[in-house]
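J.: Dumping the structure here so I can ask a few things about it.
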Amino acid sequence: EYEIIELDPNPGYECLICNKTLSSLPNLRRHNKIHTGEKPHECIICNKRFLYPKNLKSHLKIHTKECSDMSTDIAEKALKCTQCDKTFLYIGDLNAHHKEHTHTCTYCDKPFAQIGNLRKHLRTHAGVKPYICNICNKAFPQSQNLKYHYKMHTGEKSYKCNACDKAFVHPTALKVHLRTHTGEKPYECTVCERAFAKSVNLKSHMRTHTGEKPYECTVCGVRF
Numbered sequence: 001e002y003e004i005i006e007l008d009p010n011p012g013y014e015c016l017i018c019n020k021t022l023s024s025l026p027n028l029r030r031h032n033k034i035h036t037g038e039k040p041h042e043c044i045i046c047n048k049r050f051l052y053p054k055n056l057k058s059h060l061k062i063h064t065k066e067c068s069d070m071s072t073d074i075a076e077k078a079l080k081c082t083q084c085d086k087t088f089l090y091i092g093d094l095n096a097h098h099k100e101h102t103h104t105c106t107y108c109d110k111p112f113a114q115i116g117n118l119r120k121h122l123r124t125h126a127g128v129k130p131y132i133c134n135i136c137n138k139a140f141p142q143s144q145n146l147k148y149h150y151k152m153h154t155g156e157k158s159y160k161c162n163a164c165d166k167a168f169v170h171p172t173a174l175k176v177h178l179r180t181h182t183g184e185k186p187y188e189c190t191v192c193e194r195a196f197a198k199s200v201n202l203k204s205h206m207r208t209h210t211g212e213k214p215y216e217c218t219v220c221g222v223r224f
């Protein structure tokens, strides 16, 4: 005797935070942004941010009506590349275009779309830290670093996890924390395909393959 078992043809992907089921992995990833508060699509006119490109497109029509002295084509294509003045309707297209103007750090090969961001990054290699905390005198290479540092003094934790109510000072910390709920491990070893939730864990793991031992004991010289 045999038992016939019907398999669900559309198993879907379930969000571990709210249990909503999505039809595909990309849809689940987009859905997760609702919990992280991430809004990657920004209006270049008023800086309002949106979760989905279709919402940005609808929003841009507000500016189109306001700009009666501009043609519809110019008003809607308000996303302009700051380096070549080429315009785009969607932030995703603009971000893809920015890669054509990529500026690479000569120290660590990290790429940047804007030359200004590369200059700020170079301060981390040069040791230049012009932004100083007036409470503890700790210095930082970028103003944004100082902004988040101040929150350590005030105790402010603006970024809260909707799954467990844990709060964080920095949005990146929340994004990494959410992986403990979703199980996401985006950093994969190219040698053995083992995956990690944090890039720092992948970096440490890679040393098991390369044999690199960057830390040296100042007393006996043994490296770790």
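Be aware that the sequence shown starts at 1, since it is given in the UniProt record's numbering, and climbs by one per residue. Idealized CB from N, CA, C, for every residue including glycine. All figures in this text were calculated on a predicted structure; none of them were measured in a lab.
The alpha helix (DSSP H) with Ile45 in it runs from where to where?
T.: Sequence index remark: in the sequence shown, residue 45 carries index 45 (1-based). Per DSSP, Ile45 belongs to no alpha helix (DSSP H) and is neither H nor E.
J.: Among all the DSSP beta bridges, which residues are the ones paired with Ala195?
T.: Along the sequence shown, one-based indexing puts residue 195 at 195. Answer by DSSP bridge pairing, in chain order: Glu188.
J.: What does a CB cutoff of less than 7 angstroms around Pro171 pick up in its chain, not counting 5 residues either side in sequence?
T.: If you number the sequence shown from 1, residue 171 lands on position 171. Around Pro171: Tyr159.
J.: According to DSSP, Tyr159 sits in a beta bridge with which residue or residues?
T.: Here residue 159 refers to the residue found at position 159 when the sequence shown is read from its first residue. Phe168.
J.: Quick check on the DSSP output: the alpha helix (DSSP H) that includes Gly116 runs from which residue to which?
T.: What you label residue 116 is simply residue 116 of the sequence shown in a count that begins at 1. Unbroken alpha helix (DSSP H) run through Gly116: 115 to 126.
J.: Cutting at 7 angstroms between CB atoms, please list the residues of its own chain near His59, excluding the five before and the five after it.
T.: Numbered from 1 along the sequence shown, position 59 holds the residue referred to as residue 59. These residues qualify, in order along the chain: Cys43, Lys48, Phe50.
J.: How about the segment 193 to 202 and the segment 168 to 183: do they share at least three Cβ pairs that are nearer than 8 angstroms?
T.: A contact exists between the segment 193 to 202 and the segment 168 to 183.
J.: Write down the C-beta distance between Pro141 and Gly92 rounded to the nearest angstrom, noting that I regard them as a contact closer than 8 angstroms.
T.: Here residue 141 corresponds to residue number 141 of the sequence shown, with the count starting at 1. Here residue 92 corresponds to residue number 92 of the sequence shown, with the count starting at 1. Between Gly92 and Pro141 the Cβ distance is about 29 angstroms, and since that is not below 8 angstroms, they are no contact.
J.: Go ahead and pull the three-state DSSP assignment for Thr102.
T.: If you number the sequence shown from 1, residue 102 lands on position 102. Looking at Thr102 - three-state DSSP - the assignment turns out to be coil, as it is neither helix nor strand.
J.: Let me know if Val169 comes out buried or exposed under the rule of 16 or more other beta-carbons within 10 Å of its beta-carbon.
T.: In the sequence shown, the residue the question calls residue 169 occupies position 169. By the neighbour-count rule (16 or more Cβ atoms within 10 Å), Val169 is buried.
J.: Taking Tyr107 as part of the alpha helix (DSSP H), name the residues at either end of that continuous run.
T.: Here residue 107 is taken as the residue at index 107 of the sequence shown, counted from 1. Unbroken run through Tyr107: none, as it is neither H nor E.
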